[in-house]
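From first to last, the protein sequence lines stand for chains F and E.
Under the working numbering, the first residue of the first sequence carries the number 1, and numbering increases by one thereafter.
Under the working numbering, the first residue of the second sequence carries the number 290, and numbering increases by one thereafter.
Just so you know, even glycine gets a beta-carbon here, dropped at the ideal spot from N, CA and C.
Please read all numbers here as calculations on a predicted model, not as lab measurements.
Shown next, in structure tokens, is the structure this report addresses.
There are 2 protein chains.
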Amino acid sequence: MTAGCGMSIDELLDGNAKLVNSALDSVLPSGERAHSIIYDAMRYSAMDGGKRIRPFLTLEFCRLAGGDVKAALPYACAIECVHTYSLIHDDLPCMDDDDERRGKPSSHIKFGEANALLAGDALLTYAFALASENPFADAARNMRAVSIIAEAAGYDGMIGGQVLDIMYSGREAALDELVEMERKKTGELIAAACALGLTAADAPEEMYSSARTYAYNIGLAFQLIDDILDADELPDDGGDGTTMLAVMTAEEARGFASALTEGAVMAVRGYERSDALVELAHWLLHRNA
Amino acid sequence: MTAGCGMSIDELLDGNAKLVNSALDSVLPSGERAHSIIYDAMRYSAMDGGKRIRPFLTLEFCRLAGGDVKAALPYACAIECVHTYSLIHDDLPCMDDDDERRGKPSSHIKFGEANALLAGDALLTYAFALASENPFADAARNMRAVSIIAEAAGYDGMIGGQVLDIMYSGREAALDELVEMERKKTGELIAAACALGLTAADAPEEMYSSARTYAYNIGLAFQLIDDILDADELPDDGGDGTTMLAVMTAEEARGFASALTEGAVMAVRGYERSDALVELAHWLLHRNA
């Protein structure tokens, strides 16, 4: 599949990831200080790679609105810091208690629980420094960026979703409850990533609702595919109340994800320069890992 | 002792605390939602009282610069949310493992460890929503407020101080190391509280350095008095490397605190309307609890 400028989705992802990795490397703290273990812990998780889907969305929505990606990069780094913080705290013993993340020891295994907690706190805090101090946007846009991130990551956003996830681990949840949980837990931050790109580009207001539709749809599709892939890996572990497969078959889930992807594509394909976003939506649907 | 408008320091503290408590009560989330346990956990810790020293500083530095406290109140709430988050995370088992806070069960005892972690995360996140969305200041001031909070609370500020505290618990630290630790751990957030008041009032730049001197001095004096009071309570527990009494006698510590307080007073008493700040500095020095 080819997208913008004849590039494949892999090339597009790689290109944006290189931009973001280089920007993160330059903005994350480094150097020898008495307390620099916190720098190491922040970098260990934030420079861990991954596909950089959220920053990709920030950069591509900036391009969609005709903006200069230079103004979007600090916001892209900020949203990735928030995502990274959420993974570090998720992995802690009192949450999912995961010893590994992307094949490496998770932060609390590597740095100890207290430093991992603080590294997550520091990345969350730093996201707001990055957004508020973006030198390539004016104060009004930076303020909007901070607000977008704070609302998406806050008590009615990502954190609210985490709380629901904890609640629904203990009992069966209905489809609408699971959809709300997933929208909060992952959809809001994905929507924020998209909105940040528009903010960097000073896009017209009507584009924000298209971005929201796109984001919620790919976010839920992403989660459905995740649940299907997880169920394939662990065939006997289908009873967890917080997977969508508790309320539908894998085939239904794939059909649901496919319809959501189509809705996401419809939301953006009326705009020029939407090829990369269309390709991303299809790639997320068809991925095998 | 009487201060501004003939009020005693107790009356001044009470008056400001009432303003802040009422503002916090109105801005913190409430209502019945599936995930509203996070609202309860945020309120449980944030509405817990205390003297509201940091918000006091925000309001009084706003007054010092001739500003309208209405513009300072959202920032005052924000800095208190950051302070509250730091207490919740500090109390967690992987940090200080404290079961009580101000005579009540600490957050993780009351709500469980996962919800306490998330409540801290939510309060930190919400601080940035409050600062960026302050309707009584323009975007430039709100941006500056966000940046002030993020830097003070971040990896080279409060979190850096926590990291040093963990390090120095394991070995003896020198005086300069302890002073740096205390400045980061508590001084930076106190300095931020003062700077936020000036930002709300759109104060001239030269006032910021006076505020910083005042803040660092009362911050360290506060900690010295804390260490003296703690040592009186637990006479056999003097060996903790993270108390200033590891490197000086109680008498020396009191003399040091007294000199710092004098420096704080000197930094602000040239301004009109500094009475409340002068009284606060003296009150912190002479308190018994």
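Looking at E/R390 and E/L376, is the spacing between their C-beta atoms short of 8 Å?
Mapped onto the second sequence, residue 376 of chain E falls at position 87. Mapped onto the second sequence, residue 390 of chain E falls at position 101. Contact flag set, yes.
For the alpha helix (DSSP H) that E/V452 lies in, which residues bound it at each end?
Stepping through the second sequence from its first residue, residue 452 of chain E is reached at position 163. It spans M447 to S458 - the alpha helix (DSSP H) in which E/V452 sits, taken as one unbroken run.
Whose C-beta lies closer than 8 Å to the C-beta of F/D14 among residues of the same chain, with five residues either side of it excluded?
Translated into the one-based positions of the first sequence, residue 14 of chain F becomes position 14. Excluding sequence neighbours, F/D14 sits near nothing in its chain.
State yes or no: is the beta carbon of F/F128 nearer than 8 Å to at least one beta carbon in chain E?
Within the first sequence, the letter at position 128 stands for residue 128 of chain F. So, interface residue.
Are the segment 342-350 of chain E and the segment 298-312 of chain E touching, with three or more C-beta to C-beta distances below 8 Å?
Cβ pair count under 8 Å is three or more, so yes.
Expressed to the nearest angstrom, what Euclidean distance is found between the alpha-carbon atoms of E/A405 and F/M158?
Reading the second sequence from its first residue, position 116 is the one you call residue 405 of chain E. Reading the first sequence from its first residue, position 158 is the one you call residue 158 of chain F. Approximately 15 Å, taken between the alpha carbons.
Per DSSP, F/P105 is paired with what?
Locating residue 105 of chain F in the first sequence gives position 105, counting from the first residue. Beta-bridge pairing links F/P105 to F/E100.
Go to F/R54, then tell me how far its alpha helix (DSSP H) extends in each direction, as first and last residue.
Numbered from its first residue, the first sequence carries residue 54 of chain F at position 54. Looking at the DSSP string, the run of the alpha helix (DSSP H) that includes F/R54 is I53 to L64.
Helix, strand or coil for F/S132, going by three-state DSSP, please let me know.
Here the question's residue 132 of chain F lines up with position 132 in the first sequence. The answer is helix: DSSP assigns F/S132 an H, G or I state.
For E/M336, report the span of its alpha helix (DSSP H) as first-last.
Here the question's residue 336 of chain E lines up with position 47 in the second sequence. That residue, E/M336, is in no alpha helix (DSSP H); it is neither H nor E in DSSP.
Which ranges does the alpha helix (DSSP H) cover as unbroken runs of at least 4 residues, wholly within the segment 199-246 of chain F, from first to last along the chain?
As far as the segment 199-246 of chain F is concerned, its whole alpha helix (DSSP H) runs of at least 4 residues are 206-233.
F/L12: buried (16+ other C-beta within 10 angstroms of its C-beta) or exposed?
Within the first sequence, residue 12 of chain F is the residue found at index 12, counting from 1. Classification of F/L12: buried, given that the 10 Å Cβ count is 16 or more.
Quick check: what's the CA-CA separation for F/D10 versus E/A482?
Within the first sequence, the letter at position 10 stands for residue 10 of chain F. Within the second sequence, the letter at position 193 stands for residue 482 of chain E. Computed Cα separation, rounded: 47 Å.
Tell me the rounded alpha-carbon separation between E/D386 and E/R501.
The sequence position of residue 386 of chain E within the second sequence is 97, counting from 1. The sequence position of residue 501 of chain E within the second sequence is 212, counting from 1. Taking the straight line joining both Cα atoms gives about 32 Å.
Starting from E/S547, follow its DSSP beta bridges and name the residues at the other end.
Here residue 547 of chain E refers to the residue found at position 258 of the second sequence. None; E/S547 has no bridge partner.
On the criterion of 16 or more Cβ atoms from any shown chain inside 10 Å, does F/R171 qualify as buried, or is it exposed?
Here residue 171 of chain F is taken as the residue at index 171 of the first sequence, counted from 1. Its Cβ having fewer than 16 others within 10 Å, F/R171 is exposed.
By Cβ distance, which residues of its chain are closer than 8 Å to E/K340, with the 5 residues on each side in sequence left out?
Here the question's residue 340 of chain E lines up with position 51 in the second sequence. Closer than 8 Å at the Cβ level, and outside the excluded window around E/K340, lie L302 and A306.
Where does F/S274 sit, in a helix, a strand or coil, going by DSSP?
Indexing the first sequence from 1 puts residue 274 of chain F at position 274. Note: F/S274 maps to coil in three-state DSSP.
Counting Cβ pairs, one atom from each stretch, are 3 or more of them under 8 Å apart for the segment 201-217 of chain F and the segment 256-267 of chain F?
In short, these stretches touch, since the Cβ pair count reaches three.
So what's F/S8 in DSSP terms, helix, strand or just coil?
Counting from 1 along the first sequence, the entry for residue 8 of chain F is found at position 8. F/S8 falls in the strand class under three-state DSSP.
Mind listing which residues of the segment 317-331 of chain E have their C-beta closer than 7 Å to chain F's C-betas, in chain order?
Residues passing the 7 Å Cβ filter: P318, A323, H324, I326, I327, Y328 and M331.
Identify whether E/L317 lies in helix, strand or coil by the three-state DSSP scheme.
Residue mapping note: residue 317 of chain E aligns to position 28 of the second sequence, counting from 1. Reduced to three states, the DSSP call for E/L317 is coil.
Assign F/R144 to one of three DSSP states: helix, strand, or coil.
For the purposes of this step, residue 144 of chain F is identified with residue 144 of the first sequence, where counting begins at 1. Three-state result, F/R144: helix.
Distance cutoff 8 Å, beta carbons only. Does E/T414 sit that close to anything in chain F?
On the second sequence, position 125 is the one that residue 414 of chain E refers to. Answer yes: the Cβ-Cβ gap between E/T414 and chain F drops below 8 Å somewhere.
Beta-carbon separation of F/E279 and E/C383 under 8 Å?
As a working mapping, residue 279 of chain F is identified with position 279 in the first sequence. As a working mapping, residue 383 of chain E is identified with position 94 in the second sequence. Their beta carbons are not under 8 Å apart, which means F/E279 does not touch E/C383 by this criterion.
Beta carbon of E/A439, beta carbon of E/Y364: below 8 Å?
Within the second sequence, residue 439 of chain E is the residue found at index 150, counting from 1. Within the second sequence, residue 364 of chain E is the residue found at index 75, counting from 1. In this structure, E/Y364 does not lie closer than 8 Å to E/A439 by Cβ.
So, does the segment 220-235 of chain F touch the segment 248-255 of chain F, judging by three or more C-beta pairs under 8 Å?
They touch, by the three-pair rule.
In its own chain, which residues sit with a C-beta less than 6 Å from the C-beta of F/M7, not counting the 5 before and 5 after it?
Here residue 7 of chain F refers to the residue found at position 7 when the first sequence is read from its first residue. So no residue of the chain qualifies.
Answer yes or no: do F/R179 and F/L220 have a C-beta to C-beta separation smaller than 8 Å?
Here residue 179 of chain F corresponds to residue number 179 of the first sequence, with the count starting at 1. Here residue 220 of chain F corresponds to residue number 220 of the first sequence, with the count starting at 1. Arg is not the amino acid found at residue 179 of chain F; the sequence shown has Val there. In contact: F/V179 and F/L220 (Cβ atoms closer than 8 Å).
Measure from the C-beta of F/Q162 to each C-beta in chain E and report whether the shortest distance is under 8 Å.
Here the question's residue 162 of chain F lines up with position 162 in the first sequence. Yes, contact with chain E.
Taking the CB atoms as reference points, tell me whether E/S436 and F/E80 lie closer together than 8 Å.
Reading the second sequence from its first residue, position 147 is the one you call residue 436 of chain E. Reading the first sequence from its first residue, position 80 is the one you call residue 80 of chain F. No, Cβ-Cβ distance for E/S436 and F/E80 is not below 8 Å.
Tell me whether F/C77 sits in a helix, a strand or coil according to DSSP, three-state version.
Here residue 77 of chain F refers to the residue found at position 77 when the first sequence is read from its first residue. Three-state result, F/C77: helix.
Rounded to a whole number of angstroms, what is the C-alpha to C-alpha distance between F/A281 and F/I218?
Against the first sequence, residue 281 of chain F aligns to sequence position 281. Against the first sequence, residue 218 of chain F aligns to sequence position 218. Roughly 6 Å separates the two Cα atoms.
Which residues, in chain order, does the segment 373-402 of chain E contribute to contact with chain F at a C-beta distance below 9 Å?
Those residues of the segment 373-402 of chain E that come within reach of chain F (Cβ to Cβ, closer than 9 Å) are Y374, S375, H378, L381, P382, C383, M384, H397, G401 and E402.
Could you spell out the range, first to last residue, of the alpha helix (DSSP H) harbouring E/M470?
Within the second sequence, the letter at position 181 stands for residue 470 of chain E. L464 to E471 is the span of the alpha helix (DSSP H), which, as asked, contains E/M470.
Can you check whether the C-beta of E/V358 is within less than 8 Å of a C-beta belonging to chain F?
Position 69 of the second sequence, counted from the start, is the residue given in the question as residue 358 of chain E. With 8 Å as the cut-off, E/V358 does not count as an interface residue toward chain F.
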